[in-house]
Structures are given as C-alpha cells and as structure tokens.
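Novice: Here the sequence shown is numbered in my numbering, starting from 8 and rising by one per residue.
The beta carbon of each residue, even a glycine, is placed where N, CA and C say it ideally should be.
Fair warning: this is a prediction, and the values are worked out from it, not measured in the lab.
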Amino acid sequence: AALAPIQNLVINYGVYQGVDKSQSMTIICDRAFLALKSIKDNYEGRIAYYDDEMVQKHLRERMLENDFETAVRNRVFVVYLQPKYNTRTEQIVGAEALVRWKRPDGSIISPGEFIPLYEKNGQIVKLDDYIFRLVCSIQRDRMKNGQVLFPVSVNLSRASLYYDGMIERYVKIIEEMGILFGCVPIELTETASLYNEQIKELTEKLVETRFQLHMDDFGSGYSSMTSLNMLPFNVLKLDKSLVDYIDRPKGQQVVQYTIALAHGLGMKALAEGVERKEQVDMLRKMGCDGIQGFYYSKPQPGDSFQHLLEEDMPV
Ligand code: C2E
Ligand code: MG
Ligand code: MG
8 AALAPIQNLV INYGVYQGVD KSQSMTIICD RAFLALKSIK DNYEGRIAYY DDEMVQKHLR
68 ERMLENDFET AVRNRVFVVY LQPKYNTRTE QIVGAEALVR WKRPDGSIIS PGEFIPLYEK
128 NGQIVKLDDY IFRLVCSIQR DRMKNGQVLF PVSVNLSRAS LYYDGMIERY VKIIEEMGIL
188 FGCVPIELTE TASLYNEQIK ELTEKLVETR FQLHMDDFGS GYSSMTSLNM LPFNVLKLDK
248 SLVDYIDRPK GQQVVQYTIA LAHGLGMKAL AEGVERKEQV DMLRKMGCDG IQGFYYSKPQ
308 PGDSFQHLLE EDMPV
C-alpha cells in the first residue's frame with residue numbers, strides 16, 4: 008500500500024559550524040542542540056546556528072544557575088519596593104516587593120533574567136521562600152520600631168505554590184516573625200493561577216489561613232475568566248498591556264469593564280504599569296481603586312522607599 012504523505016511535518020536544524028575537531032563529541036552535539044532549542048518559539052526560521060551571542064547567553068544562564076546557592080547563602084538577593092497608591096487620595100497604601108540580584112561590582116540583575124530560569128529548574132521555590140521571609144522580617148522590624156504598617160505583597164511562582172507543605176512553612180514564618188497575615192499579601196501570576204482542582208484547593212486553603220491573594224498580570228495573555236470565577240482573589244491587578252491602550256476607544260472599554268468585573272466579584276482593582284498622568288486621570292474616573300507604576304515611582308531600595316513614605320505621610 009502506498010504510504011500517505013506526511014503533512015505539516017516540520018524539521019528544525021541546529022547547526023554548529025566550524026567544528027573544532029579536538030572537542031569531544033558530547034560538546035559538539037550539545038552546541039548544535041543548543042542552537043536547535045533556540046528555534047522553539049520562532050516560527051520564521053527553521054535553522055539556527057550556534058554563535059557567539061548564544062554562547063554568551065548560555066554562559067550567563069549557567070552562571071545564574073551555578074551561583075544561586077552561594078547567592079542565597081550570602082544574602083545578595085535584595086528586594087526593591089514599589090509603592091501602590093490609592094487612586095483618589097494619591098497616598099501610598101501598600102507596596103510590592105520585587106527581587107533584585109546585587110552583584111559584587113554594584114550592578115543589579117533584574118528578575119526578568121533569572122526568574123524564568125529558576126522557574127524551569129526549580130530553584131524558584133527556594134528564592135520565593137527566601138524573599139517571603141525577608142519581607143516578613145522587614146515588616147517585623149517596622150512593627151518593632153513603631154513605624155507605619157502597610158501591606159507589602161510578595162510574588163509567588165506556580166512551583167512554589169505547588170511545593171509540598173508550602174502553606175505550613177509560610178504560616179510558620181509569619182508566626183515566628185509575629186506579624187499579621189495582612190502585612191504580606193501574595194501575588195499569583197495568571198499562569199500560577201490558571202484554574203485546576205489542585206490550585207482551587209490550595210488557594211482556598213491560603214484564604215482560610217487568612218492570606219490575602221492578588222491576581223497578578225490580569226489580561227496579559229492566558230485566559231483566566233475561569234480562575235476569576237473559581238478562585239478566591241481579593242485584588243485584581245490589571246496588567247500593563249491593558250493600561251497601555253486605555254486612551255483608545257476599545258482599550259478604554261476593556262479597562263472599564265475589567266474594573267467593573269473585579270468590583271462585581273467583590274475584588275479591588277489595581278492598575279499596573281501606569282506611566283502617564285492621562286492614564287491616572289482616566290483610571291480615577293473609571294473607579295479603579297489602586298495604581299502602581301513609574302508615573303508615581305519605580306521600585307526603590309528600602310531606604311529610598313522610606314524617604315518616599317515620609318514625604319507622603321508627614322508625621
Ligand atoms: P510583576 O509582579 O508583574 O511586577 C511588575 C513589574 O513591572 C516589575 O518588574 C516592575 O518594575 C515593572 N513596572 C512597574 N511599573 C512599571 C511601569 O510603569 N512601566 C514599566 N515598563 N514597568 C513597570 P520587575 O521588577 O523587573 O519584575 C518582573 C517580574 O518578575 C515580576 O512581574 C514578577 O512576575 C517577577 N518577580 C519579581 N520578584 C519576584 C519574586 O520574588 N518571586 C517571583 N516568583 N517572581 C518575582
Ligand atoms: Mg507582581
Ligand atoms: Mg504584574
């Protein structure tokens with residue numbers, strides 16, 4: 008019988024040119040494979056060559072992975088705080104903790120570079136744990152010093168949420184520090200909150216335990232209407248990509264209805280990535296509760312954040 012022609016067959020090539028024959032076969036194959044892997048999400052090209060840029064990227068990623076344990080031990084991961092403002096009063100009502108890697112030479116590596124890597128290899132669980140503890144200790148110190156308390160939210164990846172005994176471990180940290188659950192809300196990204204039975208159980212348990220849950224990056228890609236429907240979030244964070252189009256007629260409708268949806272479901276709405284005054288004005292008109300973005304402030308190291316706070320609330 009004649010073979011049916013294979014349809015939609017796609018062949019990708021990873022090429023390692025100018026091979027140094029003295030290298031081992033494993034290295035040669037690894038490099039071609041590395042080139043091949045770079046094609047994955049690129050529908051245009053089907054051939055990728057192992058080149059210098061790829062080498063640099065690969066080396067940097069290995070460095071970020073290999074140095075992780077030492078970095079945690081040496082406490083070089085720090086948090087920057089970005090204030091969240093009440094839209095009406097324009098006063099600081101909270102902050103988000105965003106991790107940064109401080110290199111010995113003073114340079115800063117942003118989470119966009121290492122978080123996706125650690126999400127892939129599982130190191131994220133340890134990092135999230137570390138950052139959560141760090142933020143709790145910041146809140147404990149503020150409380151001890153009689154400073155104004157406000158919620159500082161912490162980002163959690165899907166892997167951290169699913170890790171065995173996560174809730175018990177985080178509760179223990181909070182108890183050890185003697186702070187209130189409301190001091191450290193948890194931000195889950197859409198991917199982390201995509202609806203399934205396991206996440207439903209976990210998030211319900213978190214809320215029963217009195218954690219506050221914020222849905223991060225709403226509108227950034229993955230469909231999450233089911234998650235909104237089924238999961239117990241307190242705050243809906245409108246992604247920057249929605250806010251960016253707020254001054255176009257359709258974009259305006261989307262933001263307006265998303266805010267109404269949040270309110271209808273008993274959540275507060277907070278807009279992320281707000282950069283311009285016109286956006287602030289529109290969000291205020293639309294009844295958005297909170298705003299976070301470069302218009303007011305970039306994420307700041309702890310001491311600059313404190314200055315900001317003192318300017319904001321003169322005591
Ligand atoms: P995210 O949680 O959605 O945080 C908001 C990001 O948008 C931050 O980037 C912030 O600096 C940036 N941003 C805020 N306002 C503006 C604005 O007006 N314009 C623009 N262009 N950007 C703005 P950052 O700090 O680079 O963090 C990137 C992402 O890395 C975060 O997105 C979060 O998903 C993840 N991340 C950060 N820290 C942690 C952490 O401790 N654990 C986990 N699992 N993820 C983290
Ligand atoms: Mg966040
Ligand atoms: Mg976000």
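Give the single residue among Leu277, Ser29, Lys47 whose Cα lies nearest to the Cα of isoleucine 18.
Specialist: Ranking the options by Cα distance to isoleucine 18, first place goes to Lys47.
Novice: Determine the extent of the beta strand (DSSP E) in which glutamate 194 is found, giving its start and end residues.
Specialist: Its beta strand (DSSP E) spans residues 193-195.
Novice: If you drop the 5 nearest sequence neighbours on each side, which residues of the same chain put their C-beta closer than 7 angstroms to that of methionine 293?
Specialist: Excluding sequence neighbours, methionine 293 sits near Val262, Gln263, Ile266.
Novice: Please report how far the alpha carbon of glycine 153 lies from the alpha carbon of leucine 315, in whole angstroms.
Specialist: Rounded to whole angstroms, glycine 153 to leucine 315 spans 18 angstroms at the Cα level.
Novice: Of the residues Gly172, Asp112, Glu126, Thr233, which one's Cα is nearest the Cα of glutamate 204?
Specialist: Of Gly172, Asp112, Glu126, Thr233, the residue nearest in Cα terms is Thr233.
Novice: Which of the three DSSP states is assigned to phenylalanine 312 in this structure?
Specialist: Looking at phenylalanine 312 - three-state DSSP - the assignment turns out to be helix.
Novice: Three or more C-beta pairs under 8 angstroms: does that hold for the stretch 54-66 against the stretch 247-259?
Specialist: Segments in contact, no.
Novice: Rounding to the nearest angstrom, what Cα-Cα distance links tyrosine 87 and methionine 61 in this structure?
Specialist: Straight-line Cα distance between these residues: approximately 30 angstroms.
Novice: Quick check: the Cα distance between arginine 147 and histidine 221, rounded to an integer number of angstroms?
Specialist: Taking the straight line from one Cα to the other gives about 22 angstroms.
Novice: Write down the C-beta distance between glutamate 225 and leucine 243 rounded to the nearest angstrom, noting that I regard them as a contact closer than 8 angstroms.
Specialist: Position check: residue 225 holds phenylalanine in this sequence, whereas glutamate was assumed. Confirmed, Cβ separation roughly 5 angstroms.
Novice: Given 8 angstroms as the limit, is there contact between the stretch 83-98 and the stretch 26-35, that is, 3 or more CB pairs closer than that?
Specialist: Too few Cβ pairs lie closer than 8 angstroms, so no.
Novice: Is it buried or exposed for tyrosine 169, if we count other Cβ within 10 angstroms and need 16 for buried?
Specialist: The residue in question, tyrosine 169, is exposed, as its Cβ has fewer than 16 Cβ neighbours within 10 Å.
Novice: Taking just the CA atoms, how far does asparagine 128 sit from leucine 238?
Specialist: So the alpha carbons of these two residues sit roughly 27 angstroms apart.
Novice: I'd like the span of the alpha helix (DSSP H) that includes glycine 119, first residue to last.
Specialist: Residues 118-128.
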